[in-house]
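A.B. asks: Input: one structure, supplied below.
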Amino acid sequence: MRTDLNELRSFLEKEFQKKKTFNSSYSKNAFSRDLNIPATTLNSFLKGERELSFKNLNSIFKYLNSEIHCSFCDKRLFTLNGVFSALKT
Numbered sequence: 405m406r407t408d409l410n411e412l413r414s415f416l417e418k419e420f421q422k423k424k425t426f427n428s429s430y431s432k433n434a435f436s437r438d439l440n441i442p443a444t445t446l447n448s449f450l451k452g453e454r455e456l457s458f459k460n461l462n463s464i465f466k467y468l469n470s471e472i473h474c475s476f477c478d479k480r481l482f483t484l485n486g487v488f489s490a491l492k493t
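For the sequence shown, my numbering gives the first residue as 405, with consecutive numbering after it.
Here is the structure:
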């Protein structure tokens with residue numbers, strides 16, 4: 405089952421661009437390190453070539469909840485729980 409995570413993809417792109425604005429040498433490798441997921445996984449996800457595993461989604465949301473107040477996460481809690489359920493099956 406392919407899960408639609410376009411909003412998350414867009415949110416992560418914006419978050420990356422925001423960090424890059426503050427630090428011009430900030431790279432996607434650094435962003436993937438901060439998110440605690442492999443760089444190739446992040447790049448493939450952002451290009452729309454690959455979906456994220458439950459483990460990678462969990463790492464991203466841990467980062468978002470600990471590093472920034474993620475209004476996206478708060479608003480999407482019900483939807484994201486559905487995503488997690490879909491990925492477990």
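All C-beta atoms in this analysis are idealised placements derived from N, C-alpha and C, irrespective of residue type, glycine included.
Please read all numbers here as calculations on a predicted model, not as lab measurements.
(1) In the structure shown, what three-state DSSP assignment does I441 receive?
(2) From S448 to D438, what does the alpha carbon distance come to, in whole angstroms?
(3) For a test of the three-state rule: what should DSSP assign to L409, helix, strand or coil?
(4) Would you decide whether E411 is buried or exposed? Buried here means 16 or more other CB atoms lie within 10 Å of its CB.
(5) Quick check: what's the CA-CA separation for N496 versus N460?
(6) Nearest-angstrom Cα distance between S436 and A443?
(7) Identify whether E417 lies in helix, strand or coil by the three-state DSSP scheme.
(8) Tell me, to the nearest whole angstrom, how far the beta carbon of L446 is from that of K432; I am working on the premise that it is less than 8 Å.
C.D. replies: Reading off the structure:
(1) coil
(2) 17 Å
(3) coil
(4) exposed
(5) The first residue shown for the chain is 405 and the last is 493, placing residue 496 beyond what the model contains.
(6) 5 Å
(7) helix
(8) 6 Å
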